[in-house]
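Worksheet: the structure to be examined is printed underneath.
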Amino acid sequence: MKLTESLSFRNIKGRPVRTAVLIALTAIMAMSAICGSLAVMSLRNGLGALEARLGADIMTVPASAVSKQDFENIVLQGSKGYFYMDRSYYDKIAEREGIEKISYQLYLASASAGCCSVPLQIIGYDPDTDFTVSPWIRKSAGGELKELDVVVGNDLSVFVGETITFYGVTCNVKAKLDKTGNDLDTAVYTDIGTIKRLIAASLELGMNDFKDIDPDKVVSCVLIKVADGYSVDEVLNDLNLHVRRTKSFKTTDMISGVSESLAGVSGIIGILMAAVWVLVLVILFLAVYMSVNERKKEFAVLRVAGASRSRLAGIVMSETLIITITGAVIGIFLGLLMILPFNGLIEESTGLPFLLPDTLHIIICAFVALAASVIAGMLSSLGSAKRISRIDTGVILRGDN
Amino acid sequence: MTITATGVCKDFIRQGKNTNKLTAVSPTDITIEAGKLYVLMGRSGSGKTTLLNMLAGLLTPSSGKVLCDGEDIYALDDEKLSRFRCEHIGVIPQGQTAVHSLNVLENICLSYMLYGSLKEREAAYPAARELMRKLGIAGLENEMPSALSGGELRRVAIARAMLRKPDVLFADEPTCDLDDENTALVLQTLKETAQSSTAVFVVTHERDAVGYADICLNMSGGSIGKQ
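Heads up: the protein sequence lines correspond to chains A and B, in order.
Using this note's numbering, read the first sequence as starting at 539 and increasing by one per residue.
Using this note's numbering, read the second sequence as starting at 1172 and increasing by one per residue.
Laid out in structure tokens, this is it:
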């Protein structure tokens, strides 16, 4: 028999308001499941990508930069901004004990004026000493960058082989990096030589943002790899003690801040999801219970017409199945519609790296959310189904008098 | 088909009073044979409906047996008993009984919604329409139960019970919502059904039903006796 001709379908169709409410409730449940799980997965992915891009044990920045609220965002996530310290600090740090590798980066924020294709963070690295950025630039670009070559973040709408202009200087896009789920996806990496050209060009254009900056004499951030036989804490304490006017951080600690925020956000998402599920399941349970109670006599009529007890339970369960599948599909669709196009906005509002899983994982996630919503919905009506299968037809029909 | 009840009785435990047992039907023996119209009368609360439900396979007796052609129906598992009821027993319950999400024609063909394909259900439509015509509710097939009067709903229930041409037809107060004209129509239909070799067992307060009965029974205080 066609589904639309079945008794369960007709019962559902015959009570449009109740059905709409139950479908809406299931949709909310499924939507919370898909949005919640995708959000948690994306945050974890973002953190993973962030960890992968940090190759240094310690980062040193000017002490004045630490007061900036967005310091971690600039260093860790590539948000637009810059700070500088004298190059001599780099030399002082290099002289300290326990340092295996040392390099530096220079930050430059492009302008939003007509001179630049897009406003973004430009990160300059020293190809001679770099040990953090070069490996994945080599991987993406297939070799070292030449002057005026840049590697762009995944979210920039330029393609390999195209050009991008900063302060009137045309740079060649050599590669696009993998997605990280944070502002690094809109950052541009290039070598110090190119950075110098860009600063000079900005000054020629009369933009005075960098007029006090001599790229040969300043650095934004020093990156340190601790030598074997030394502990990171030991070197860190040494740097904080002996290299004044700078502040050194353990990169794992910097990530642990993000990681803690992530755990907090994940916890809140989990609590909200649990609250929505409990609330919806209680309402579903009550709605099915009341609906079955209200239709007790109809079930007695079905019994008189020859329905077995298991058939009565089956009718209740299949009504719930149709409702929960419909609601869950709608909820998952709405959830994906909400989270997929707006993941950038979510990243911006949470300030946490947010990297959506790949399509396969999203599909798996959607199926799990669908199955969980349907199973939970079915479980909530199991009691009512069991109860109606035990009805005493004779007693119910007598009760009509 | 012959239904024989031997020593069937039904006790109810009143809610909240475990020790307060109410005997609705005292041990009763009764045989219902094909081709006869039985009319069971009695005061309210005398146990008529309880006895009917036990005979119809809807209420398990506290003790005793109900045999259909020698087979104890309560020894069957629920699936088999339900199927047996669907195919061999028609029941017109008390009051207004309908499934409100189905229209009148679908309500009459309800057993085909439970057992059978859409094709089989549609094949039953002509017979259902004929019953509707016979019972004076022709033209209501597409109406929903909420649009029907009490009397019309009674006749829908009667048509539903008669559609599969059951071997035994049980009717509990089939005329209670009907005017004199429709009461006569229904009783005549039940009589004709009995004459077509169906066993018909009617529980009623309707005095006029006696005139249609082959066997008249009276029930009092849970016990049955011939009038």
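Even glycine gets a Cβ: it sits at the ideal position worked out from N, Cα and C.
Only a predicted model underlies this, so the values are computations on that prediction, with no experimental measurement involved.
*asked:* If distances are taken between C-alpha atoms only, which option among A:Ile901, A:Leu824 and A:Ala904 comes closest to Ser922 of chain A?
replied: A:Leu824
*For Phe871 of chain A, which residues does DSSP report across the bridge?*
Under DSSP, no beta-bridge partner is assigned to Phe871 of chain A.
*Along the segment 1346-1373 of chain B, what residues have a CB closer than 7 Å to any CB found in chain A?*
Closer than 7 Å at the C-beta level to chain A, one finds no residue of the segment 1346-1373 of chain B.
*If Met597 of chain A sits next to Leu761 of chain A, beta carbons under 8 Å apart, how far is it from one beta carbon to the other, in whole angstroms?*
6 Å
*Please check if any C-beta of chain A sits within less than 9 Å of the C-beta of Glu1250 of chain B.*
So, interface residue.
*asked:* Going by DSSP, what residue range makes up the alpha helix (DSSP H) through Asn495 of chain A?
replied: Only positions 539 to 939 of chain A appear in this structure, which leaves residue 495 of chain A out of reach.
*At a CB-CB cut-off below 9 Å, which residues of chain B make contact with Ser834 of chain A?*
According to the sequence displayed, residue 834 of chain A carries Lys and not Ser. Here the premise fails: no neighbours, minimum Cβ distance about 12 Å.
_So with CB distances below 7 Å, who are the chain A contacts of Cys1239 of chain B?_
What Cys1239 of chain B touches in chain A: nothing, since even the nearest Cβ is about 14 Å away.
*Those residues which DSSP pairs with Ala1176 of chain B across a bridge*: B:Ile1201 and B:Val1237
*Provide the residue span of the beta strand (DSSP E) that contains Asn1389 of chain B, from first to last.*
Ile1386 to Ser1391
*According to the neighbour-count rule (16 or more other Cβ atoms, all chains shown, within 10 Å of its Cβ), is Arg1214 of chain B buried or exposed?*
exposed
*CB-CB length for Leu1285 of chain B against Glu1312 of chain B, believed under 8 Å*: Leu1285 of chain B to Glu1312 of chain B, Cβ: 19 Å. No contact.
_Reduced DSSP secondary structure (H/G/I, E/B, other) of Phe621 of chain A_ = Here Phe621 of chain A sits in coil by DSSP.
*Contact check, Val912 of chain A vs Leu859 of chain A, beta carbons under 9 Å*: yes
*Using a C-beta cutoff of 9 Å, does Arg1286 of chain B count as contacting chain A?*
Arg is not the amino acid found at residue 1286 of chain B; the sequence shown has Tyr there. Closer than 9 Å: yes.
*Shorter than 9 Å from the beta carbon of Lys551 of chain A to some beta carbon of chain B?*
Contacts with chain B at 9 Å (Cβ-Cβ) include Lys551 of chain A.
*Identify which residue in B:Ala1227, B:Leu1319 and B:Leu1230 has its Cα closest to the Cα of Ala1269 of chain B.*
The shortest Cα separation from Ala1269 of chain B among B:Ala1227, B:Leu1319 and B:Leu1230 belongs to B:Leu1319.
*In terms of residues, what are the limits of the alpha helix (DSSP H) holding Ala914 of chain A?*
Thr897 to Ser927
*Consult DSSP for Lys1305 of chain B and reduce its assignment to one of helix, strand or coil.*
helix
*Please classify Gln1265 of chain B: does DSSP put it in a helix, a strand, or coil?*
coil
*Among residues of its own chain, excluding the 5 on either side of Ile572 of chain A, which ones have a beta-carbon nearer than 8 Å to its beta-carbon?*
Excluding positions up to five away in sequence, the list reads Gly869, Ile870, Gly873, Leu874, Ile877, Cys903, Ala904 and Ala907.
_In the DSSP output, what is Ser1394 of chain B paired with across the bridge?_
B:Ser1391
*With 9 Å set as the bound, which would you pick, yes or no: does the beta-carbon of Asp930 of chain A sit closer than that to a beta-carbon of chain B?*
yes
*So, helix, strand or coil for Tyr1209 of chain B, using DSSP?*
Three-state DSSP puts Tyr1209 of chain B in a strand.
*Since I believe Asn692 of chain A is in contact with Lys712 of chain A (beta carbons under 8 Å), could you give me their beta-carbon distance rounded to a whole number of angstroms?*
Incorrect: roughly 14 Å between the Cβ atoms, too far for contact.
*Can we say the segment 726-735 of chain A touches the segment 679-699 of chain A, given the rule of at least three CB pairs closer than 8 Å?*
yes
*Which partner residues does Glu1258 of chain B have in the DSSP bridge list?*
For Glu1258 of chain B, which the question treats as bridged, DSSP gives no partner whatsoever.
*Scan the segment 836-894 of chain A and note each continuous alpha helix (DSSP H) run of 4 residues or more that stays entirely inside, going in chain order.*
847-877 and 881-888
*Beta carbon of Leu1302 of chain B, beta carbon of Ala1330 of chain B: below 9 Å?*
yes
*Taking 9 Å as the cut-off, decide whether the C-beta atoms of Leu894 of chain A and Met569 of chain A are in contact.*
no
*What separation, rounded to the nearest whole angstrom, lies between the Cα atoms of Leu1211 of chain B and Thr1231 of chain B?*
20 Å
*Under three-state DSSP, which class holds Ser786 of chain A?*
strand
_Could you check whether the Cβ of Ala1342 of chain B sits closer than 9 Å to any Cβ belonging to chain A?_
no
*On the DSSP bridge assignment, give the partners of Leu644 of chain A in chain order.*
A:Gly662
*Arg548 of chain A versus chain B: which residues are under 7 Å apart at the beta carbon?*
Ser1272 and Leu1273
_Cα-Cα separation, Val1327 of chain B to Tyr827 of chain A_ = 28 Å
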